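Okay, structure first, notes after.
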Amino acid sequence: MYLGIDLGTSGVKAVLVDEDQSILASHTADLTVMRPASGWSEQNPDDWISATSAALAALSRDNDLSTVEAIGLSGQMHGATLLGQDDAPLRPCILWNDTRSHKEAAGMDANPVFRAATGNIVFPGFTAPKLSWVQNHEPDVFAATTKVLLPKDYLRLWLTGDYVSDMSDAAGTGWLDMELRAWSDPLLAATNLSAEAMPRLVEGAAPGGGLRAEVADQFGLPRGTVVAGGGGDNAASAVGVGVVEAGQAFVSLGTSGVLFAANAGYQPDADTALHTFCHALPDTWHQMGVILAATDALNWFAGLAGSDAEALTKDLPALMAPGRTLFLPYLGGERTPHNDADIRGAMIGLEHATDAAAATRAVLEGVSFAFRDCAQAMATTGTQIDRLIAVGGGSQSDYWLAAIATALGIPVDRPEDGDFGGAFGAARLAMLATGAAVSDIAVPPRIAQSFEPDPHLQDAFSEAHSRYQHTYAALKGLS
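Using the numbering used here, the first residue of the sequence shown is number 60, and each one after it goes up by one.
Here's what the structure looks like:
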């Protein structure tokens with residue numbers, strides 16, 4: 060058997076799979092987020108260990124874990140976990156969605172060495188600007204810091220006693236030379252750190268330590284069990300849905316939206332506001348377009364309409380040409396391709412004919428156009444997407460998937476029911492760390508339904524997308 064552990068923001072999920080990749084059991088232990096000031100988001104690292112212990116204890120009560128061959132890790136990215144000489148956290152972890160270091164991030168991004176080495180804009184959520192914030196505001200903590208670990212790698216330290224990270228998670232720190240897949244001494248020096256403060260790097264599918272006897276005995280696991288390098292949450296999820304080669308991609312319709320494409324080479328373009336990161340597999344990279352409101356936009360409109368998302372979408376007809384009503388889903392700013400924290404959403408072209416169904420279609424279309432913006436940004440770097448796998452809660456809407464397929468001109472596949480999150484991807488990485496072949500393990504899921512672009516509606520969707528882009532430009536100084 061194989062164990063996958065995903066350290067998310069809201070909880071730790073552990074899944075147990077067999078050699079045929081069937082999920083035998085899973086358990087989630089909840090986590091909470093502390094927000095001591097506006098824009099701050101923190102968690103206590105020891106709460107991660109408590110939650111992981113609870114999840115493993117639940118699995119061990121009903122399952123014999125003595126035949127587990129390897130463990131894989133996945134986790135929320137970018138978090139700054141600062142350790143002192145005794146490996147104890149010096150302060151709560153500053154999480155991925157914490158924006159306090161926006162000034163430090165802007166300063167780093169103005170230094171051309173960062174984009175040159177990382178291929179990315181330095182966003183406030185990245186780890187490096189958080190360390191500069193700590194140096195500026197908590198100098199005693201910064202001075203006492205001997206190691207900086209990402210969240211899942213603090214779990215690994217507890218599991219194995221080793222300081223190790225993987226390429227895909229390290230890619231989101233702001234310190235990784237993305238092409239060389241190694242820590243950048245100049246970038247570390249720019250934040251008054253050195254490689255000594257960083258964990259050792261391994262590929263996600265390679266061994267990244269062995270299970271300590273104390274932890275193994277607590278849960279009935281074999282001592283020395285291989286712990287794979289693992290991956291950041293999106294890279295691990297990509298392994299879980301078999302997006303591991305150029306041309307393969309997935310679209311995630313969660314609270315936020317993600318368009319994730321695998322690449323055989325390093326193809327950065329920071330000006331597009333794409334994330335260009337190392338994948339969790341060797342000699343592979345990925346690009347990721349992020350939109351900040353996907354199902355969040357639909358849920359917002361449902362609340363405004365006094366309804367819920369399912370009620371609004373379940374009776375929609377077959378895909379129609381976009382109407383006059385147009386929706387921009389920038390409820391809290393936008394990431395790709397605008398990197399615009401100030402822009403806000405809008406619904407324009409309202410008329411007497413705009414009923415609840417028409418407005419709902421406009422919301423779904425607006426999010427689809429945001430994904431088209433991401434796809435066009437990828438295309439400028441040479442990335443080709445042959446077809447998409449749709450995951451997340453919004454993927455249950457036929458209308459939405461048909462709209463995305465037609466807006467992007469790419470077929471969209473909905474998998475059969477299954478768990479394709481970070482924990483399942485981590486379990487696959489565990490299997491790979493024992494020597495299994497990627498071609499045998501990281502395969503796409505069985506598809507329940509495919510949505511082809513509607514050739515009769517593509518021109519109408521392209522015209523509406525052009526209006527969408529012009530509306531953003533018109534609203535930029537007004538909203």
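Backbone N, C-alpha and C define an ideal beta-carbon position, used for all residues, glycine too.
Given the structure is predicted, the values throughout are model-derived calculations rather than measurements.
Per DSSP, residue i is paired with what?
| i | result |
| --- | --- |
| K206 | L142 |
| K564 | Outside the modelled stretch of the chain, which goes from 60 to 538, sits residue 564, for which no answer is possible. |
| R487 | Bridge partners of R487: none, in fact. |
| F386 | M406 |
| Q346 | A320, T335 |
| E78 | Beta-bridge pairing links E78 to no other residue. |
| L235 | W242 |
| R473 | Q508 |
| S454 | Answer by DSSP bridge pairing: none, since S454 is not bridged. |
| V285 | A129, G269 |
| Q102 | C152 |
| E393 | D399 |
| G291 | G134 |
| V302 | DSSP output for V302 lists no bridge partner at all. |
| V223 | R259 |
| M93 | E101 |
Let me confirm a value: residue i is counted as buried when at least 16 other C-beta atoms fall within 10 Å, else exposed. Which label applies?
| i | result |
| --- | --- |
| T140 | buried |
| T439 | exposed |
| P327 | buried |
| G453 | buried |
| H529 | exposed |
| Q346 | buried |
| V25 | As displayed, the chain neither begins before 60 nor continues past 538, which places residue 25 out of reach and without an answer. |
| Q277 | exposed |
| V172 | exposed |
| T493 | exposed |
| E78 | exposed |
| L83 | exposed |
| L363 | exposed |
| L239 | exposed |
| H86 | buried |
Within the present structure, is the beta-carbon of residue i separated from the nearest heavy atom of the ligand PLP by less than 7 Å?
| i | result |
| --- | --- |
| D518 | In terms of ligand content, the structure shown is empty, and the ligand PLP therefore cannot be addressed. |
Please check if any C-beta of chain B sits within less than 8 Å of the C-beta of residue i.
| i | result |
| --- | --- |
| K189 | Absent from the structure: chain B. Only one protein chain is present. |
Since residue i is in the beta strand (DSSP E), which residue starts that stretch and which ends it?
| i | result |
| --- | --- |
| F510 | 506-510 |
| M226 | From DSSP, M226 is part of no beta strand (DSSP E) but of the alpha helix (DSSP H) over 226-229. |
| L260 | 259-261 |
| L5 | For the chain, the structure presents residues 60 to 538; residue 5 sits outside this window and is missing. |
| A462 | Element bounds for A462: not the beta strand (DSSP E) but the alpha helix (DSSP H), 457-467. |
| Q307 | 306-312 |
| G131 | 129-134 |
Do you know how far the Cα of residue j is from the Cα of residue i?
| i | j | result |
| --- | --- | --- |
| G536 | G468 | 31 Å |
| W107 | G70 | 8 Å |
| I64 | G301 | 18 Å |
| Q194 | G166 | 14 Å |
| T213 | P183 | Per the sequence presented here, residue 213 reads as Tyr, with Thr not at that position. Cα to Cα, the separation comes out at about 21 Å. |
| R14 | H411 | Within the shown structure, residues of the chain are numbered from 60 to 538, placing residue 14 beyond reach of any answer. |
| D157 | I500 | 35 Å |
| G382 | E255 | 58 Å |
| A415 | E369 | 13 Å |
| G220 | R271 | 7 Å |
| S525 | C433 | 14 Å |
| V310 | A147 | 38 Å |
| W192 | A294 | 27 Å |
| R431 | L124 | 45 Å |
| D236 | L66 | 25 Å |
I think residue i touches residue j, with their Cβ atoms under 8 Å apart; what is that distance to the nearest whole Å?
| i | j | result |
| --- | --- | --- |
| Q80 | M93 | About 36 Å separates the two Cβ atoms, so there is no contact after all. |
| V298 | R487 | 5 Å |
| F510 | L460 | 5 Å |
| G313 | A353 | 6 Å |
| A320 | A332 | That pair is no contact at about 15 Å. |
| A287 | L132 | 7 Å |
| M60 | E128 | 7 Å |
So the alpha helix (DSSP H) residue i belongs to, where does it begin and stop?
| i | result |
| --- | --- |
| Q435 | 415-438 |
| Q517 | 517-534 |
| A356 | 354-363 |
| R174 | 171-177 |
| S498 | 497-500 |
| S191 | 186-196 |
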